[in-house]
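Report on the following structure.
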Amino acid sequence: MVDHIRIEPDCPVTAACRQAVIRTYATLKGRGAEERVAFEAAEIVYSWHHPEVPRTRVPFVIADWLP
Amino acid sequence: MAVEDESVSEIVVLSRIEALCAEKGLRMTEPRRVIARVLSDSEDHPDAEELYDRVKAIDSSISMATIYRTMKLFEEMSIVSKRDFGDGRARYERKSGPEDHHHHMIDVQSGEVFEFYNQELEDLKKRIAHDLGFELVDHHLELFGVRLKKKH
Numbered sequence: 002m003v004d005h006i007r008i009e010p011d012c013p014v015t016a017a018c019r020q021a022v023i024r025t026y027a028t029l030k031g032r033g034a035e036e037r038v039a040f041e042a043a044e045i046v047y048s049w050h051h052p053e054v055p056r057t058r059v060p061f062v063i064a065d066w067l068p
Numbered sequence: 013m014a015v016e017d018e019s020v021s022e023i024v025v026l027s028r029i030e031a032l033c034a035e036k037g038l039r040m041t042e043p044r045r046v047i048a049r050v051l052s053d054s055e056d057h058p059d060a061e062e063l064y065d066r067v068k069a070i071d072s073s074i075s076m077a078t079i080y081r082t083m084k085l086f087e088e089m090s091i092v093s094k095r096d097f098g099d100g101r102a103r104y105e106r107k108s109g110p111e112d113h114h115h116h117m118i119d120v121q122s123g124e125v126f127e128f129y130n131q132e133l134e135d136l137k138k139r140i141a142h143d144l145g146f147e148l149v150d151h152h153l154e155l156f157g158v159r160l161k162k163k164h
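In the order they appear, the protein sequences are chains X and S.
Add 1 to a position in the first sequence, counting from 1, and you land on the number used in my numbering.
Add 12 to a position in the second sequence, counting from 1, and you land on the number used in my numbering.
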């Protein structure tokens, strides 16, 4: 059986990727990191969880999860 | 004594993108308004990060996530066009109408982007579409190149 690769996984609120992305961003911001640095770190965390998602799509996916 | 009503005398000048948003019935929050204005004022093709830098100079509370959400929304509503110039970064410009139709020449070495218009090219594209049995309704053209060395 061939796995169906979804371009944008519909990750629930409790999904590990989503939690990790939100935590990374919030933690870095909380420690005074610049917005851009925190956002890029969150992108990298997401890509680690979802290497199948094209890099150019990543910011649009995580933008829906972050403030 | 006549007191001028400020709400009447105030002249509200909408940027082109703000006007498009209004036309399409999009609710304008303050961040959307700022992003729309910055994009309207841009002569170049900013990517989301460049847009963020310009927006931040006006309102530092606007986040990267807000930029990406707003650009996705503007694109979905055909308010802006997303362009891929092959550098892996999505760049934006206001949706062009027939009055400001243009194409792009991209310097692959420096990433510099030039806009151009060529009537012969426009006519040729229409003719090709027509010969294939179509009426041309839209198209994008991005040319990639390296600068020619100047002859001495």
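Glycine included, each C-beta is placed from N, C-alpha and C at the ideal position.
Predicted model only: the values in this text are computed from it and were never measured.
Asked, Found
"Stretch-stretch touch, CB-based, cutoff 8 Å, three pairs: the region 150-160 of chain S with the region 115-132 of chain S", "yes"
"Per-residue contacts from Lys84/S into chain X (C-beta, under 9 Å)", "Phe61, Ala64 and Asp65"
"Local Cβ density within 10 Å of Thr28/X, reported as buried at 16 or more and exposed below that", "exposed"
"CB of Lys137/S within 7 Å of CB of Leu148/S, strictly", "yes"
"Touching by the beta-carbon criterion (3+ pairs, under 8 Å), the region 67-80 of chain S and the region 37-53 of chain S", "yes"
"is_contact[Tyr104/S, chain X] using C-beta, thresh 7 Å", "no"
"Backbone CA spacing between Glu53/X and Pro13/X [nearest angstrom]", "17 Å"
"Where Glu53/X meets chain S, residues with beta-carbon distance less than 8 Å", "Within 8 Å Cβ-Cβ: nothing; Glu53/X doesn't reach chain S, min ~17 Å."
"CA nearest to the CA of Tyr104/S, picked from Asp59/S, Gln131/S, Ser72/S and Ile79/S", "Asp59/S"
"Any chain X beta carbon closer than 7 Å to Met76/S", "yes"
"Where Glu61/S meets chain X, residues with beta-carbon distance less than 8 Å", "Arg37"
"Exposure of Val22/X, with buried meaning 16 or more beta-carbon neighbours within 10 Å", "buried"
"Backbone secondary structure at Asp59/S - three-state DSSP", "strand"
"Contact with chain B by Arg81/S, beta-carbon distance below 7 Å", "Among the chains of the structure shown, chain B does not appear; the protein chains present are X and S."
"Separation of Asn130/S from His142/S, as counted between CA atoms", "19 Å"
"Span separating the alpha-carbon of Ser90/S from that of Arg32/X", "38 Å"
"Between the CA atoms of Lys94/S and Thr82/S - distance to the nearest angstrom", "12 Å"
"Under 7 Å between C-beta atoms of Met192/S and Glu36/X", "The question about residue 192/S has no answer here: the residues shown for chain S are numbered 13 through 164."
"Reduced DSSP category for Asp4/X - H, G, I as helix; E, B as strand; rest coil", "Unreliable placement is indicated for Asp4/X, whose pLDDT of 39 sits below 50; no coordinate value is reported for it."
"Residue from Ala17/X, Ala16/X and Tyr26/X whose Cα sits closest to the Cα of Glu44/X", "Tyr26/X"
"Residue from Val59/X, Pro55/X and His50/X with nearest C-alpha to Phe40/X", "Val59/X"
"Leu153/S classed as buried or exposed, judged by whether at least 16 other C-beta atoms fall within 10 angstroms", "exposed"
"Contacts of Thr57/X in chain S (Cβ-Cβ under 9 Å)", "Asp96, Gly100, Arg101 and Ala102"
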